[in-house]
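A short write-up of the structure that comes next.
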Amino acid sequence: MTATIKLYTNHGCPWAHRAHIALAELKLPFEEEIIDLSVPRTAEYLDVNPRGLVPSLSYNGQIITESAIVAQFLADAYPSHLIPNGGTPEAALARARIYFFVDTFFSKANGHYHKALFAKTEGEAEEASGEFVKQLEKEVEPLLSDAAPFFGGSKTLTQAEVLTGPFVLRLLSLPKNGVGPESLIKDLPTRTPNFYKWTTAVIEHPSVNGIWNEEKVVAGTKARLAKLKA
Ligand SMILES: N[C@@H](CCC(=O)N[C@@H](CS)C(=O)NCC(=O)O)C(=O)O
Numbered sequence: 060m061t062a063t064i065k066l067y068t069n070h071g072c073p074w075a076h077r078a079h080i081a082l083a084e085l086k087l088p089f090e091e092e093i094i095d096l097s098v099p100r101t102a103e104y105l106d107v108n109p110r111g112l113v114p115s116l117s118y119n120g121q122i123i124t125e126s127a128i129v130a131q132f133l134a135d136a137y138p139s140h141l142i143p144n145g146g147t148p149e150a151a152l153a154r155a156r157i158y159f160f161v162d163t164f165f166s167k168a169n170g171h172y173h174k175a176l177f178a179k180t181e182g183e184a185e186e187a188s189g190e191f192v193k194q195l196e197k198e199v200e201p202l203l204s205d206a207a208p209f210f211g212g213s214k215t216l217t218q219a220e221v222l223t224g225p226f227v228l229r230l231l232s233l234p235k236n237g238v239g240p241e242s243l244i245k246d247l248p249t250r251t252p253n254f255y256k257w258t259t260a261v262i263e264h265p266s267v268n269g270i271w272n273e274e275k276v277v278a279g280t281k282a283r284l285a286k287l288k289a
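Residue 175 in the numbering used here sits at position 116 of the sequence shown, with consecutive numbering throughout.
Take a look at the structure:
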């Protein structure tokens with residue numbers, strides 16, 4: 060029997076975007092409800108997710124929240140090319156590699172990127188940007204040496220791209236559009252060629268860029284930054 064899937068989402072949210080990539084890649088039909096994040100959450104939505112965050116997934120009436128857990132649930136429920144299910148040492152190793160990559164991307168690099176965007180002075184922004192590229196070079200670049208074009212030599216998207224794709228889109232787009240220093244991306248082709256090649260493939264994939272609205276995300280980020288600076 061086909062499952063009834065409903066995604067509570069907002070297309071500007073990178074975390075919710077993860078669920079869109081997984082659902083698109085697994086070709087699962089779903090209904091979506093856009094949650095307006097500019098106003099307090101309704102009592103109805105707080106019944107769905109008491110934390111008030113997006114995404115939330117309703118799967119045959121069962122609610123699953125937290126984007127990484129939603130993506131994991133979908134990959135587990137629908138075994139596919141995204142990630143092998145466990146059960147053998149080979150599969151467990153492939154899973155460990157993917158999750159180590161995702162952990163490295165977020166724990167070593169992405170925080171510096173975020174710091175560069177939200178820095179109070181140009182000096183602070185450049186310092187964070189330098190650290191971002193340094194960490195990409197040291198920690199992330201080696202993990203993409205066999206990307207072909209996706210993680211681990213895969214020709215198709217993997218769970219690594221499901222979890223990082225929305226952030227890769229923003230990472231390349233925002234500095235080009237006047238958000239954050241250009242030094243965040245300027246040297247990527249020469250200093251992190253594996254990473255740069257991989258990002259190019261990631262952002263071109265229709266499952267990744269299907270709900271991407273660059274203009275809106277750039278404008279939204281600029282507005283958030285202006286509000287913080289005021
Ligand atoms: N850890 C959560 C983070 C989700 C999150 O922060 N969502 C933001 C939008 S990008 C949100 O719902 N914010 C609403 C609010 O803070 O009121 C996840 O991975 O699902």
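Backbone N, C-alpha and C define an ideal beta-carbon position, used for all residues, glycine too.
Remember, it's a predicted structure, so these values are computed and weren't measured experimentally.
For the stretch 190 to 203 against the stretch 142 to 153, are there 3 or more C-beta pairs whose distance is under 8 Å?
Contact between the stretch 190 to 203 and the stretch 142 to 153 is absent, because fewer than three Cβ pairs lie under 8 Å.
Ligand 2 and G279: does any heavy atom of the ligand fall closer than 7 Å to the residue's C-beta?
For the structure depicted, ligand 2 is absent and the ligand set comprises only ligand 1.
Ligand 1 and V113: does any heavy atom of the ligand fall closer than 7 Å to the residue's C-beta?
yes
Which listed residue (F191, P114, A136, W74) has its alpha carbon closest to that of A62
Taking only the C-alpha atoms, the option nearest A62 is A136.
Candidates G71, A134, A206: closest to L87 by CA position
Scanning G71, A134, A206 for the CA closest to the CA of L87 turns up A134.
Going by Cα to Cα distance, which pick from G239, T163, A130 is closest to L202?
T163
When every heavy atom of ligand 1 is checked, does at least one fall within less than 7 Å of the C-beta of S117?
no
Buried or exposed for I93, going by 16 or more other Cβ atoms inside 10 Å?
exposed
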